[in-house]
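Chemist:
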Amino acid sequence: MESKNHHVVRKHAFYWRYDTPDELELLNRLWKLVSLRLNFFTPTKKPVGYTTTANGRRKRIYDKPATPWQRLQASGLLEAQQLSNVADRIEGINPADLTRQINTIQMQLLDLAQAKTEALTAARHLDLEALQPSINRLATAK
Numbered sequence: 003m004e005s006k007n008h009h010v011v012r013k014h015a016f017y018w019r020y021d022t023p024d025e026l027e028l029l030n031r032l033w034k035l036v037s038l039r040l041n042f043f044t045p046t047k048k049p050v051g052y053t054t055t056a057n058g059r060r061k062r063i064y065d066k067p068a069t070p071w072q073r074l075q076a077s078g079l080l081e082a083q084q085l086s087n088v089a090d091r092i093e094g095i096n097p098a099d100l101t102r103q104i105n106t107i108q109m110q111l112l113d114l115a116q117a118k119t120e121a122l123t124a125a126r127h128l129d130l131e132a133l134q135p136s137i138n139r140l141a142t143a144k
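In the numbering used here, the protein residues as written are 3 to 144.
#1: Go to proline 23, then tell me how far its beta strand (DSSP E) extends in each direction, as first and last residue.
#2: Can we say the segment 33-43 touches the segment 67-82, given the rule of at least three CB pairs closer than 8 Å?
#3: Report buried or exposed for histidine 127, applying the criterion of at least 16 other Cβ atoms within 10 angstroms of its Cβ.
#4: Where does alanine 1 fall in DSSP's three states?
#5: Can you grab the Cα-Cα spacing for the pair leucine 35 / glutamate 81, in whole Å?
#6: Tell me, please, whether the CB atom of asparagine 57 is closer than 7 Å to any CB atom in chain D?
This is how it looks when you write it as structure tokens:
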């Protein structure tokens, strides 16, 4: 499953080793918050076709950015009651607070898992230096 969601999993949970009940509980809380942010507050572009440039190259065409929730609303697949239920659910959510909660959980996960993951990678002679920019970004977001 990770091959389809790598951009979500590794961006939000990084490459640390999580194997304790405390880490599992934090990850479960994290995924609920990440799901809310991605589905209701993060617009994405979807490819709709191709065009040919003046020099003969194909260029992909994208639609207007919209969140998955906006796309679902526009599709007409949901009944009015379903739309109302979801709208009520997200009405009081502040995207900035959501991001702060996600960052807090990420820092807690980092505190729990970093040492054991680094010990494992050292024992196996692996290099996880690519994580450092993300760790620095989180540390300054506190």
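Ideal Cβ positions, reconstructed from N, Cα and C, are used throughout, including at glycine.
Modeler: With the structure as the only source:
#1: Premise fails: proline 23 lies in the alpha helix (DSSP H), 23-42, not in any beta strand (DSSP E).
#2: yes
#3: exposed
#4: Residue 1 cannot be examined here, being either before or after the span of the chain that is shown, 3 to 144.
#5: 25 Å
#6: As a matter of chain content, chain D is missing from the structure shown, which is built from one protein chain.
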